[in-house]
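A.B. asks: Heads up: the sequence lines are chains A and B, in that order. For the first sequence, numbering that gives the first Met the number 0 assigns the number 0 to the initial residue and increments by one for each residue that follows. For the second sequence, numbering that gives the first Met the number 0 assigns the number 0 to the initial residue and increments by one for each residue that follows. Virtual Cβ for every residue (Gly too), placed ideally from N, Cα, C. Remember, predicted model here, so these are calculated numbers, not experimental data. Please see the structure below; I have some questions.
Protein chains: 2
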Amino acid sequence: MLALNLDKYQPGLSVDCVILGFHQNELKALLLKMKNMDKWSLPGGFVEKDEDVDKAAVRVLQERTGLKNIFLRQFHLFGEVDRGDRGHVDGLLQKGVIGKDLYGWFKQRFVTVGYYALVEYSQVEAPQPDYFSESCEWCAINGLPDLMLDHAGILEKAHEVLKRQLNYQPIGLNLLPKRFTMPELQALYETLLGKALDRRNFQRKMLGYGILIRTGERRTGGAHKSPWLYEFDEEKYRRGLAEGLNVSW
Amino acid sequence: MLALNLDKYQPGLSVDCVILGFHQNELKALLLKMKNMDKWSLPGGFVEKDEDVDKAAVRVLQERTGLKNIFLRQFHLFGEVDRGDRGHVDGLLQKGVIGKDLYGWFKQRFVTVGYYALVEYSQVEAPQPDYFSESCEWCAINGLPDLMLDHAGILEKAHEVLKRQLNYQPIGLNLLPKRFTMPELQALYETLLGKALDRRNFQRKMLGYGILIRTGERRTGGAHKSPWLYEFDEEKYRRGLAEGLNVSW
């Protein structure tokens, strides 16, 4: 049975992490399958009284999935009174996952701070489930399992924020190999946006950002005309991250 | 002395509102001057136990400043353990603004949810100070008075978020007269961004958004060539708000 020193935590405040994984043109989310229940959950947890909320998110992600060194970005506070049925807490009690001492704590109203990260998921360590969970898995964004509380909405909001960021921030470093073709970069955008893009507009716009270097080499071996290989200009890429791309005012 | 039923509120959770006002090419923030103290404050307050956080922000803004019907947008949770010196609470106690019964409540750690709005400030009702405040005023963004806690940082963050939104969302409806010239629209952007923009680039980009209608009329009477009058295409404007401008992917 779980032991938890409740004096250690801020009441009514939690964090939830949306870890989106990209690999071979697939977008997946890292989810925990709850013990003895037919529901899945985002990796989340409580905030210690002497801990910054941003730091709590990093700690909670590591405790619940084993993932380390993930750069998490805060994106929204979910503050509705009714964030979905907390009936799962009764299940936790009945099945002995928690004792009566923790029932009131888990049943209280929580507002939760959403954090997200986008990672190349073959490059992160194998995720590990925690005490509450029987497994920790990458689940395809299209066709998610049944999620507890408002976690499906939290995940959807994180995906929306990510799509919006494509309009003013660069993306791709650490998600693509060091050298990549324009079709490969386009495939990344299409996966994240969930829609097809026009090839010529994509190339024009992307080159307009001024963050790509065309190497002197081409990818050979395909059936079609060999495409140029590009690299990110890392200095300009980082400036774009910090200040916005040059489409901005 | 203040009477407050502490059982009514979520512990450790507050909201703060950054109300930015635009009028005659000036950007100002609505601030409260605290009673008997040489500090100013954002309009903020607590969240009721049975109240959505978004709704608490609207209520708190009205209670503290009298402002009604303001569309507030959530932009960030400020969750650091140390959000600045809470010494002002001792002052509130010494000066009899609060009693001993409330001291512990005001001294506790709060995380605060930031909301902002941009309004044409000559069009909002005259702001009124509340119990804690001796005045409620529009203060120029350049040259703010001394603010309590981390409120200067909260205000700066709201301004940053607003500037970033100029890259993918339309702005100007309800801030400009129904018909306006391109230089007037450019002046709005320059005020919000705090920098000068190139006239020709501005016009090209703005027309590229496809949200403007050029009326058949010109503004006459100025020293220079009479500029065209424009209106927003409200349908396209609203689509741009909902889906992002057509510079987006």
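1. Check whether chain B comes within 8 Å of residue 108 (chain A), counting only Cβ atoms and requiring the distance to be less than that.
2. May I ask which residues mark the beginning and end of the beta strand (DSSP E) holding residue 18 (chain B)?
3. What does a CB cutoff of less than 8 Å around residue 134 (chain B) pick up in its chain, not counting 5 residues either side in sequence?
4. Less than 8 Å between CB atoms is the rule here; does residue 11 (chain A) satisfy it with respect to chain B?
5. Could you compute how far the alpha carbon of residue 193 (chain B) sits from the alpha carbon of residue 76 (chain B)?
6. Does the distance from the CB of residue 110 (chain B) to the CB of residue 211 (chain A) come in under 8 Å?
7. Which runs of the alpha helix (DSSP H), 4 residues or longer, sit entirely within the stretch 152 to 196 of chain A?
8. Answer yes if the stretch 36 to 52 of chain B comes into contact with the stretch 77 to 86 of chain A, meaning at least three C-beta pairs across the two stretches below 8 Å, and no otherwise.
9. At which residues does the beta strand (DSSP E) containing residue 45 (chain A) begin and terminate?
10. Is residue 64 (chain A) buried or exposed, if buried means 16 or more other CB atoms sit within 10 Å of its CB?
11. Going by Cα to Cα distance, which pick from B:170, B:72, B:220, B:187 is closest to residue 208 (chain B)?
12. Going by other Cβ atoms of all chains shown within 10 Å of its Cβ, with 16 needed for buried, is residue 198 (chain A) buried or exposed?
13. Is the Cβ of residue 50 (chain A) closer than 8 Å to any Cβ of chain B?
14. Please state the DSSP three-state secondary structure of residue 93 (chain B).
15. Taking the alpha carbon of residue 37 (chain A) as the reference point, which residue from A:166, A:156, A:90 has its own alpha carbon closest?
16. Mapping the DSSP letters down to three states, classify residue 59 (chain B) as helix, strand or coil.
17. What distance in whole Å lies between the Cβ atoms of residue 150 (chain B) and residue 41 (chain B), which are believed to be in contact at a cut-off of 8 Å?
18. Counting only beta-carbon separations shorter than 8 Å, does residue 76 (chain A) have a partner in chain B?
19. Listed from N- to C-terminal order along the chain, which residues in the stretch 160 to 171 of chain B have their beta-carbon within a distance smaller than 9 Å of any beta-carbon of chain A?
20. For residue 240 (chain A), name the three-state secondary structure that DSSP assigns.
21. Please report the distance separating the alpha-carbon of residue 87 (chain B) from that of residue 185 (chain A).
22. Taking the alpha helix (DSSP H) that residue 33 (chain A) falls in, what are its first and last residues?
23. Taking DSSP as the reference, what is the three-state secondary structure of residue 73 (chain B)?
24. What does residue 73 (chain B) reach in chain A if we use C-beta pairs closer than 9 Å?
25. Using a cut-off of 7 Å between C-beta atoms, extract the partners of residue 112 (chain A) located in chain B.
26. Check whether chain A comes within 8 Å of residue 44 (chain B), counting only Cβ atoms and requiring the distance to be less than that.
27. Take residue 251 (chain B) and list the residues in its own chain whose beta-carbon comes closer than 7 Å to its own, dropping the five residues that flank it on each side.
28. Check this for me: beta carbons of residue 168 (chain B) and residue 240 (chain B), under 8 Å apart or not?
29. Closest Cβ-Cβ distance between residue 53 (chain B) and chain A: below 8 Å?
30. Would you tell me roughly how many angstroms separate the C-alpha atoms of residue 178 (chain B) and residue 238 (chain B), rounded to the nearest one?
31. When DSSP labels each residue in this structure, what does residue 201 (chain B) get in the three-state scheme?
32. Would you say residue 21 (chain B) and residue 114 (chain B) are within 8 Å of each other, going by their C-beta atoms?
33. For a contact meaning CB atoms closer than 7 Å, what does residue 243 (chain B) contact in chain A?
34. Does the beta-carbon of residue 229 (chain B) have 16 or more other beta-carbons within 10 angstroms, so that it is buried, or is it exposed?
35. Have a look at B:2, B:130, B:95, B:24 and flag the residue whose alpha-carbon is nearest the alpha-carbon of residue 176 (chain B).
C.D. replies: Working from what's here:
1. yes
2. 8 to 22
3. Excluding positions up to five away in sequence, the list reads 31, 32, 128.
4. yes
5. 25 Å
6. The criterion of a C-beta distance shorter than 8 Å is not satisfied by residue 110 (chain B) and residue 211 (chain A).
7. 181 to 192
8. yes
9. Going by DSSP, residue 45 (chain A) is part of the beta strand (DSSP E) stretching over 43 to 47.
10. buried
11. B:170
12. exposed
13. By this cut-off, residue 50 (chain A) is an interface position.
14. helix
15. A:90
16. Three-state DSSP puts residue 59 (chain B) in a helix.
17. 5 Å
18. yes
19. Those would be 162, 163, 165, 166, 167, in chain order.
20. helix
21. 54 Å
22. From DSSP, residue 33 (chain A) is part of no alpha helix (DSSP H) but of the beta strand (DSSP E) over 25 to 33.
23. strand
24. 75, 76, 78
25. 76, 78
26. no
27. Since the displayed chain B opens at 0 and closes at 248, residue 251 (chain B) lies outside it and no answer follows.
28. yes
29. yes
30. 20 Å
31. helix
32. Cβ distance not < 8 Å, so residue 21 (chain B) and residue 114 (chain B) don't count as in contact.
33. 163, 166, listed in chain order.
34. buried
35. B:24
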